[in-house]
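A short worksheet on the structure shown next.
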Amino acid sequence: MHAQIVLFDGFDPLDAVAPFEVLHAGGAASGAVSVELVSAEGPRDVVGGTGGLALRATAALDPARADVIVVPGASGRLDDPGDTPDRDAGAGEPHPDDTVPARLGRTLTTELPALLKTAMDDPDVTVATVCGGSLVLAMAGLLEGRHAVTHHMGMDMLGAAGARAVRARVVDDGDLVTAGGVTSGLDLGLYLLEREVGPRIAHAVEDLFAYERRGTVWRAAGPVPAGER
Numbered sequence: 105m106h107a108q109i110v111l112f113d114g115f116d117p118l119d120a121v122a123p124f125e126v127l128h129a130g131g132a133a134s135g136a137v138s139v140e141l142v143s144a145e146g147p148r149d150v151v152g153g154t155g156g157l158a159l160r161a162t163a164a165l166d167p168a169r170a171d172v173i174v175v176p177g178a179s180g181r182l183d184d185p186g187d188t189p190d191r192d193a194g195a196g197e198p199h200p201d202d203t204v205p206a207r208l209g210r211t212l213t214t215e216l217p218a219l220l221k222t223a224m225d226d227p228d229v230t231v232a233t234v235c236g237g238s239l240v241l242a243m244a245g246l247l248e249g250r251h252a253v254t255h256h257m258g259m260d261m262l263g264a265a266g267a268r269a270v271r272a273r274v275v276d277d278g279d280l281v282t283a284g285g286v287t288s289g290l291d292l293g294l295y296l297l298e299r300e301v302g303p304r305i306a307h308a309v310e311d312l313f314a315y316e317r318r319g320t321v322w323r324a325a326g327p328v329p330a331g332e333r
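So the sequence shown is numbered by the working numbering: it starts at 105 and just counts up by one.
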């Protein structure tokens with residue numbers, strides 16, 4: 105399994121690093137997984153939205169080379185760009201482009217949506233997201249009718265963009281696997297290892313990281329609970 109984790113300007117570092125470390129550890133334990141950081145533009149230093157932390161994309165996003173593509177969310181201010189929050193001491197005046205919605209929205213002006221559409225159209229490629237990564241797909245019109253989750257503060261936006269929003273830690277909709285808030289990138293990585301490589305490898309990484317996955321992975325299977333009928 106070859107995984108590509110997408111970086112874009114303003115990405116949330118933990119959204120990217122958590123699944124990267126889990127998948128890398130799974131590869132070390134099994135020899136069956138490889139993972140790299142990529143961007144739509146190719147190799148470059150990509151500045152995240154948390155404190156100017158940058159990571160190096162070593163290759164271009166290429167759905168033809170990937171079995172799994174992971175899209176992180178963005179980090180920044182959570183208020184609406186029209187608001188004027190109290191500034192942090194020494195931080196200077198807030199800028200409308202510093203908000204999470206603005207940083208997610210800027211991905212639509214890049215080649216990323218077209219590349220993700222190519223991946224979504226290929227049933228052999230699994231597209232996975234962490235936190236606001238599912239909103240990138242939704243805003244690009246790629247999640248119409250698909251079950252997905254995002255950060256709890258973005259669930260209404262996800263539903264408004266055409267997705268079938270599900271409140272779960274991880275949602276498996278076949279070739280689309282989405283995870284909720286920031287730390288759920290760990291759960292996503294471990295679930296992908298279990299699903300694609302096997303539970304023994306996923307368990308070995310859990311043990312190595314001293315972390316146990318949280319919540320039940322939601323899938324459209326089994327009886328429908330009475331309250332949802």
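In this text, a Cβ means the ideal position worked out from N, Cα and C, and glycines have one as well.
Proximity winner among the options, relative to residue i (alpha-carbon distances)
i	options	result
F313	R207, F124, V142, A325	F124
G278	H251, L157, R181	H251
D116	A170, R181, S138	R181
V172	D311, L220, A132, L212	L220
D324	L239, A269, D228	The amino acid occupying residue 324 in the given sequence is Ala; Asp does not appear at that position. When only C-alpha atoms are compared, the closest one is A269.
R148	L165, A133, S138	L165
E298	S238, D226, G131, P329	G131
T287	H307, T254, E140, A267	T254
A120	V142, T213, S134, L239	V142
D226	P167, V175, A144	P167
V139	W322, H307, M105	M105
T154	V204, G249, A144	V204
A223	A144, P303, R160	A144
For residue j and residue i, the rounded distance between their alpha carbons
i	j	result
A136	V301	7 Å
L246	A218	10 Å
T162	L262	30 Å
D202	P327	43 Å
E215	G156	23 Å
A122	G331	34 Å
R210	I305	37 Å
D260	A158	30 Å
V110	P176	7 Å
D291	V231	15 Å
V174	D311	23 Å
W322	A129	25 Å
S134	L208	34 Å
F112	V240	11 Å
T213	D228	26 Å
H307	E248	34 Å
R160	P329	45 Å
Check whether residue i and residue j have beta carbons under 8 Å apart
i	j	result
G152	G114	yes
V150	L294	no
A178	G236	yes
A170	A244	no
A265	A242	yes
H256	G289	no
Residue-level contact to chain D via CB, residue i, 8 Å cutoff
i	result
A132	Note that chain D does not occur in the displayed structure, where there is just one protein chain.
Cβ distance (whole Å) where residue i is taken to contact residue j below 8 Å
i	j	result
V281	L296	7 Å
V234	A283	5 Å
Check: Is the region 271-287 close to the region 308-324, with three or more CB pairs under 8 Å?
Finding: yes
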